[in-house]
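*Asks:*
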Amino acid sequence: MKKRILVVVAITMLISLIAACSSRETDKDKIEESVAPQNLNATGYPVVNEKVTLKLMGSKEANQGPWDKMMFFEEMGKVTNVYFEFDTPDSKVFQEKKNLTFASDNLPDVFFAGSLTTFDQINYGKQGLLIPLEELIDEYAPNFKALMDKDPAIRRAITAPDGHIYALPQVSDIIRDKMFFRTYLNAEWMEALGNPKVPETTEELLTLLKRFRDEDPNKNGMNDELPLSFINEKNDSLSAARTYLMPAFGVLEDRSNQSRLQVINDKVSAVFMTEGYKEFLKYMKILFDEKLLDPEIFTHTNQQLKAKGQENKIGMTMHAAPFSVFKVEKPEDNEKYPVVMPLTSTINNEKLFTPRPSIRPGTFAITKNNKHPEATMRWVDYLYTPEGFMLASQGVEGESWKWKDESKDTWIRITPEGMNKEEFRSQNTPEIGSIIPLMKMMEVSYREDDLVNSIINKQADELSQYAKEAMPLLFLSEEEESRANILKNDLMNYIAQMEAKFVLGKESFDNWDDYMSTLKRMNVDEYVEIYQNAYVRWQATK
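For the sequence shown, the residue numbers in mature numbering (1 follows the signal peptide of the UniProt record, and there is no 0) are -19 to -1, 1 to 523.
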């Protein structure tokens, strides 16, 4: 009996000891949890009193300087007391590196300019590798929360089907950003031809391009003119043409989801199966057959395009500004280059243009390894303020930009001697080339005292009256995204091949039905249905 009592007592004591240890461990955890926020300032700056250093991974462009030397990150550290150790793979290999990082569970604390796809957000959010952000936003990101409250489209665009927000976007209300590339005519060639009328229809454009081909507008006595040439954007050779010429045939292409779909009367359809798309390809074939289209359009780089423009060999192009291609001697001369507004055709009399999306999702995320999520959210929220925008887009006041006078109505850039302004900016901030979390504000941007930007702003404003989105930004479910990516990869490869074949005459338009049948066999209907279902869900959240 005594033995039994002793056993019971021993067990009781052991249980009490375990409970006490557990209690002490729990109390310790509570203390540690309470200490971390004590270093955090809920409002004002710095964000933390004691310096915090986090690991950051981001996609770096070749033209950018080292991120750890950029005045943007250095100044953000001074303002917030939050600093970073950097892992910045080149953008060409970033996706592969990012995938390996997730697969190995060797995560940074933060993805910045992270190019996180909707699949990344859903998949790694579901696995707990990316943390939900909505509660952090509500409590620690008043500037970004105000943006979402003002424009509900932002919340809809970044909320996953499970109701969570796993990544923050870049948002822009700058009209110039939405109308980023415009169609320009060579001012010197137009003058050489007596300044003919700027084309308003596809037929008028053909007439002008033939004059560029035949009348030696560069006045060198050689038949070396390229009437039309444009950028081979991301190895998608006809992307620029589809954006700026295809709408003439009544077809708009989704630029938000890059799905090559459109919505008409709430019904999603495949652009690449429409009659308007077929007529567009026929028009491009005419341009090629008539030697009006640069024969290297499917292979040249942006650098090669600019070299041709600098040699005065291009008559018409699509780009961000005349000086980006043509040899423009003085800033004011950019205004001389006529802008071709959206065209009409025999099958469409409405001027249409597809703008770039104003919401660029997947730029910033916090991982499970981050021990300071509150401070991290407060850090990034600064980028959704006017001050944060100026720092991220231009650099430090007094070093890379300054107010023009005491009125502070306009600002000007500061550029060291021997560097152009974009080169200097690319050393100061990753905003040149990378899509970073940011609110790009027209009210601030348009106050720059810069002649070239003033010219481009006016052109963009005029173009904006014809802007019409093909489809809203949609969030697919994990299963939908996985299946859509499989289908999309095969479909896009086939369509790209057929685009080139049709334009170059290697495939007859008599075989169009075969092309359509092949798309059907490749499950194009299922591909469209996936986006139709996502669109229906998007409508329900209005």
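Quick reminder that beta carbons are idealized off the backbone N, C-alpha and C, glycines included.
1) Measure the alpha-carbon distance for Glu403 versus Pro411 and round it to whole angstroms.
2) With a threshold of 6 angstroms on Cβ separation, who are the neighbours of Leu166 within its own chain once the five nearest residues in sequence on each side are excluded?
3) Once the 5 residues before and after Ile103 are set aside, which same chain residues still bring their CB inside 6 angstroms of it?
4) In or out: Ala521 buried (at least 16 other Cβ within 10 Å) or exposed?
5) So does the region 54 to 70 actually touch the region 95 to 113, counting three or more Cβ pairs closer than 8 angstroms?
6) Output needed for Leu242: all residues of its chain with C-beta closer than 7 angstroms, excluding positions within five of it in sequence on either side, in chain order.
7) Looking at C-beta atoms only, is the number of pairs between the region 139 to 155 and the region 182 to 198 that lie closer than 8 angstroms three or more?
8) Quick one: what's Met38 bridged to in DSSP?
9) Less than 6 angstroms between C-beta atoms, sequence neighbours within five positions excluded: which residues of the same chain meet that for Tyr258?
10) Between the region 353 to 360 and the region 204 to 223, can you find at least three pairs of beta-carbon atoms closer than 8 angstroms?
11) Using the three-state DSSP reduction, which class does Asp442 fall into: helix, strand or coil?
12) Could you pull the start and end residues of the alpha helix (DSSP H) that Thr188 belongs to?
13) If contact is defined by three or more beta carbon pairs under 8 angstroms, each pair taking one atom from either stretch, is the region 443 to 451 in contact with the region 309 to 316?
14) From Asn351, Val306, His300, Ala302, pick the residue whose C-alpha is nearest to that of Asn293; which is it?
15) Would you please state the rounded distance, in angstroms, between the beta carbons of Leu324 and Leu189? I believe it to be under 8 angstroms.
16) Does the contact criterion of 3 or more C-beta pairs under 8 angstroms hold for the region 120 to 127 versus the region 376 to 395?
17) Return the first residue and the last residue of the alpha helix (DSSP H) that Ser426 is part of.
18) Could you please give the first and the last residue of the uninterrupted alpha helix (DSSP H) stretch that includes Gly231?
19) Quick one: grab the DSSP three-state call for Ser458.
20) Can you tell me whether DSSP reads Ala515 as helix, strand or coil?
21) Can you tell which of Asn22, Ser72, Gly109, Pro133 has the C-alpha that lies nearest to the C-alpha of Trp519?
22) By how many angstroms is the C-alpha of Ala43 removed from the C-alpha of Lys317?
23) Rounded to whole angstroms, what's the CA-CA distance from Ala221 to Ser463? Just pull it up for me.
24) Report buried or exposed for Asn438, applying the criterion of at least 16 other Cβ atoms within 10 angstroms of its Cβ.
25) According to the neighbour-count rule (16 or more other Cβ atoms, all chains shown, within 10 Å of its Cβ), is Arg223 buried or exposed?
26) Just reading off the beta strand (DSSP E) that Gln243 is part of, what are its end residues?
27) Mapping the DSSP letters down to three states, classify Val306 as helix, strand or coil.
28) DSSP puts Glu378 in a beta bridge; with which residues?
29) To which residues of the same chain is Val517 closer than 7 angstroms at the C-beta, ignoring the five residues directly before and after it?
30) Are any of the Cβ atoms in chain D nearer than 7 angstroms to that of Val33?
31) Drop a sphere of 10 angstroms on the beta-carbon of Thr348, count the other beta-carbons inside from all chains shown, and report buried for 16 or more, exposed for fewer.
32) With a threshold of 7 angstroms on Cβ separation, who are the neighbours of Tyr26 within its own chain once the five nearest residues in sequence on each side are excluded?
33) Of all the alpha helix (DSSP H) runs that stay within the bounds of the region 108 to 190, which reach a length of 4 or more residues?
34) Which value, in whole angstroms, describes the spacing of the CA atoms of Val28 and Glu172?
35) Going residue by residue through the region 393 to 427, where are the continuous beta strand (DSSP E) segments of at least 3 residues, counting only ones entirely within it?
36) Out of Met473, Ile467, Glu424, Lys487, point me to the one whose CA is closest to Arg157's CA.
*Replies:* Taking the definition as stated:
1) 12 angstroms
2) Met297, Pro319
3) Ala141, Glu459
4) exposed
5) no
6) Asp235, Val249, Ser250, Ala251, Val252, Met452, Val509, Tyr512
7) no
8) Asp68, Phe92
9) Val232, Val252
10) no
11) helix
12) 183 to 195
13) no
14) Val306
15) Wrong, their Cβ atoms sit about 11 angstroms apart, outside the cutoff.
16) no
17) 423 to 426
18) Careful: Gly231 lies outside any alpha helix (DSSP H) and carries neither H nor E.
19) coil
20) helix
21) Pro133
22) 32 angstroms
23) 28 angstroms
24) buried
25) buried
26) 242 to 245
27) coil
28) Trp382
29) none
30) In the structure shown, chain D cannot be found, because there is only a single protein chain.
31) buried
32) Val60, Thr61
33) 115 to 121, 123 to 131, 133 to 139, 156 to 159, 168 to 173
34) 58 angstroms
35) 419 to 421
36) Glu424
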